[in-house]
Amino acid sequence: MGLFTSKNYIFLSVLLCVFSSCKKNSSATTSETSQRWFKGNLHTHSYWSDGDEFPEVILNWYKTNGYQFLALSDHNTLAEGDKWITVSEDSIYEQAFQAYLDTYGEEWVTYHIDSGRTQVKLKTYEEYRNKVESPGEFIVIRSEEITDRFEDKHIHMNATNIQNKIEPMGGNSVAEVLQNNLNQVLDQRKATGVPMIPHINHPNFYYSIDLEDMIALDGERFFEVYNGHPMVHNMGDSTHISTEEMWDLINISYLEKGKPLMYGLATDDSHSYHTIGEKWSNAGRGWVMVEADTLLPSALINSLEAGKFYSSTGVNLKKLQYKEGTLSIEVAPEENVDYKIVFVGCKKGQTTTEELKIVNGTSAEYALDDDIRFVRCKITSSKLQENPIEDLRYEMAWTQPILPVP
118 MGLFTSKNYI
128 FLSVLLCVFS
138 SCKKNSSATT
148 SETSQRWFKG
158 NLHTHSYWSD
168 GDEFPEVILN
178 WYKTNGYQFL
188 ALSDHNTLAE
198 GDKWITVSED
208 SIYEQAFQAY
218 LDTYGEEWVT
228 YHIDSGRTQV
238 KLKTYEEYRN
248 KVESPGEFIV
258 IRSEEITDRF
268 EDKHIHMNAT
278 NIQNKIEPMG
288 GNSVAEVLQN
298 NLNQVLDQRK
308 ATGVPMIPHI
318 NHPNFYYSID
328 LEDMIALDGE
338 RFFEVYNGHP
348 MVHNMGDSTH
358 ISTEEMWDLI
368 NISYLEKGKP
378 LMYGLATDDS
388 HSYHTIGEKW
398 SNAGRGWVMV
408 EADTLLPSAL
418 INSLEAGKFY
428 SSTGVNLKKL
438 QYKEGTLSIE
448 VAPEENVDYK
458 IVFVGCKKGQ
468 TTTEELKIVN
478 GTSAEYALDD
488 DIRFVRCKIT
498 SSKLQENPIE
508 DLRYEMAWTQ
518 PILPVP
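In the working numbering, the protein residues as written are 118 to 523.
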C-alpha cells in the first residue's frame, strides 16, 4: 500500500506515524517578532527522474504534513517540456495511478492506454507549482540535482532556486567535477541576480567524495550532514569517517584558509513513496527549520546563508539564540522523552573538535570566549525515530557552527 487512499488521498494514520508526522512541530523562538520558522526539505525526487510518484502527490504529502517549502530536485532536469511515464504493472502503482486520477480528475490528468499499459504525461514545474502552492503557507522551489560521475564515483550536487538547467560538466578528478558544477551554479546566480545555492549531496554515497575533495572547494557553503537515503553511509564505516566528523574537519580547514564556515543540512532524498522501511528512501526523515521574515525562496536562501537554521530528524527547538557571545538552546520537549544537549567545538591551536559541554535536560547555554574557534550544538533525544536508517535510531537536531563575537 502507498501513501494515499484511492478516493481522496486521505492520509493513512499508520503512515502518518511512520513518517513522523503524528506530532505537532514546535519551532524555536526568535529575537525579532517579524521572523518566523519555516520547515522544508531540499532534496526530493519524483517521476521526473527516479522517484516513484507524481510531483503534485508528493507536494501535497509534504504540505499536509507540516512543511512550508519543498525542493523537487530531480536528476539533471527542471521538469520542463513533455515527459510521459508508463505505469508499472505492479498493483501498487496501478492503484496509485487510479488514486491520482480519482483525486485530480480527467481534466487535469493526461493519459492513454497503449497495448494494455497506462502512459501518463507528467505535469511540469510551472503546472504542479501553480496547482499546489499557497502563498505564505507552502511554496515549491525550483531545483535540480546535478548528477555527474568521475570514473566509478557518484558526484551529486543540488542547486536550489536554479533558474536554468545546468548540464553536468565532468572533470579530471572528483574535486574538479565538484568545482566545475559548483561554478556553474554560482555563475548563474551572478548572471541572473537571483539568489540560489548549491549544496553537496551525500558525500559517503559509494564513498565517492572524501574530506580532501570537500576541503579543496571554493565557494561551497552547504553539504548534507544527514541524508535519509539508506545507501549514503552517514555514519561512515571502519575506514571512512562519518559526515558529522567530516563537517568539523572541513570547518577547521576552512577557518585556517580564511573561508566561510560550511553549514550542515538534513534532507530526505526521498524516492520511494509506496514501500516503507529502512531499506527504502522514504519521505519525512530529515529537514531544515529556517528562520526568515517571509516564505519566499530569496528570503529562505538569505537565511540559510546567514546560518539562521537548524537541521533535524525529529527534535524541535523552542529557543535557538546567539546573543552577547552566548549560544542558548531550549528544546520543545515531548512527554517522557529525555534530551542530551552537546556543545561541540574546536579550540584555538587544536586540529580536532571536542565535546565542550554536555547537559542532560531541555535547555542549555554556552558562552564563547577567545579560546574558541567555532561551536555548534547537537541535541539527541531518547525517542526512537519512527522510520530510521543505518544506526541513527534516535531523533536528533544540529545547529550551525558559529564564531565568537569579535
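Virtual Cβ for every residue (Gly too), placed ideally from N, Cα, C. Nothing here was measured: the structure is a model prediction, and the numbers come from that model.
Cβ pair residue i, residue j closer than 9 Å
i, j, result
"residue 368", "residue 359", "no"
"residue 239", "residue 201", "yes"
"residue 486", "residue 518", "no"
"residue 385", "residue 401", "yes"
"residue 335", "residue 376", "yes"
"residue 370", "residue 326", "no"
"residue 229", "residue 235", "yes"
"residue 162", "residue 382", "no"
"residue 514", "residue 398", "no"
"residue 497", "residue 437", "no"
"residue 421", "residue 340", "no"
Inter-residue Cα distance where the pair is residue i and residue j
i, j, result
"residue 445", "residue 511", "22 Å"
"residue 255", "residue 243", "15 Å"
"residue 396", "residue 426", "29 Å"
"residue 245", "residue 165", "12 Å"
"residue 148", "residue 457", "In this predicted model, residue 148 has a pLDDT of only 48, less than 50, meaning its place in the structure is not dependable; the value taken from the coordinates is given anyway. Each residue's Cα considered, the two are about 24 Å apart."
"residue 251", "residue 328", "40 Å"
"residue 463", "residue 471", "6 Å"
"residue 468", "residue 363", "13 Å"
"residue 152", "residue 416", "11 Å"
"residue 404", "residue 316", "14 Å"
"residue 361", "residue 378", "14 Å"
"residue 479", "residue 440", "19 Å"
"residue 435", "residue 495", "15 Å"
"residue 506", "residue 191", "22 Å"
"residue 321", "residue 193", "20 Å"
"residue 490", "residue 204", "54 Å"
"residue 432", "residue 488", "30 Å"
"residue 311", "residue 259", "12 Å"
"residue 476", "residue 330", "35 Å"
"residue 139", "residue 523", "Low local confidence applies: a pLDDT of 36 at residue 139 is under 50, so the model's placement there is unreliable, with the coordinate-based value given in what follows. Looking at the two C-alpha atoms, the distance is approximately 43 Å."
"residue 222", "residue 393", "27 Å"
"residue 355", "residue 366", "18 Å"
"residue 218", "residue 348", "33 Å"
"residue 450", "residue 285", "44 Å"
Candidates the options: closest to residue i by CA position
i, options, result
"residue 414", "427, 230, 313 and 335", "313"
"residue 419", "408, 429, 427 and 333", "408"
"residue 373", "465, 380, 436 and 302", "465"
"residue 406", "430, 440, 303 and 475", "430"
"residue 504", "346, 266, 229 and 159", "346"
"residue 167", "196, 513 and 323", "196"
"residue 342", "198, 271 and 318", "318"
"residue 337", "221, 475, 460 and 275", "275"
"residue 448", "322, 499, 412 and 410", "499"
"residue 492", "398, 380 and 412", "380"
"residue 199", "309, 157, 477 and 237", "237"
"residue 484", "475, 421 and 442", "442"
"residue 353", "154, 157, 509 and 158", "509"
"residue 302", "394, 278 and 204", "278"
"residue 324", "300, 309, 357 and 299", "357"
Neighbour-count burial assignment, residue i, 16 or more Cβ in a 10 Å radius
i, result
"residue 501", "exposed"
"residue 262", "buried"
"residue 296", "buried"
"residue 185", "buried"
"residue 227", "exposed"
"residue 225", "exposed"
"residue 455", "exposed"
"residue 290", "exposed"
"residue 283", "buried"
"residue 231", "exposed"
"residue 308", "exposed"
"residue 144", "Only weak support is given to the placement of residue 144: the predicted model assigns it a pLDDT of 49, under 50, and the question is left unresolved by the model."
"residue 423", "exposed"
"residue 453", "exposed"
"residue 272", "buried"
Close beta carbons around residue i, own chain, < 6 Å, minus the five adjacent residues each side
i, result
"residue 248", "173"
"residue 473", "460 and 462"
"residue 481", "446 and 458"
"residue 131", "Residue placement at residue 131 cannot be trusted, given a pLDDT of 30 that sits under 50; what the coordinates show is reported in the next sentence. Closer than 6 Å at the Cβ level, and outside the excluded window around residue 131, lies no residue."
"residue 344", "319, 384 and 386"
"residue 253", "412"
Cut-off 8 Å between Cβ atoms - residues of its own chain near residue i, not counting five sequence neighbours on either side
i, result
"residue 257", "176, 186, 187, 188, 189, 242, 245, 246, 249 and 250"
"residue 287", "265, 266, 267, 294 and 297"
"residue 206", "234"
Close-in-space but distant-in-sequence residues of the same chain around residue i (CB under 7 Å, 5 per side omitted)
i, result
"residue 281", "305"
"residue 299", "274, 315, 334, 336 and 337"
"residue 142", "A caution first: residue 142 carries a pLDDT of 44, below 50, which makes its placement in the model too unreliable to give a value."
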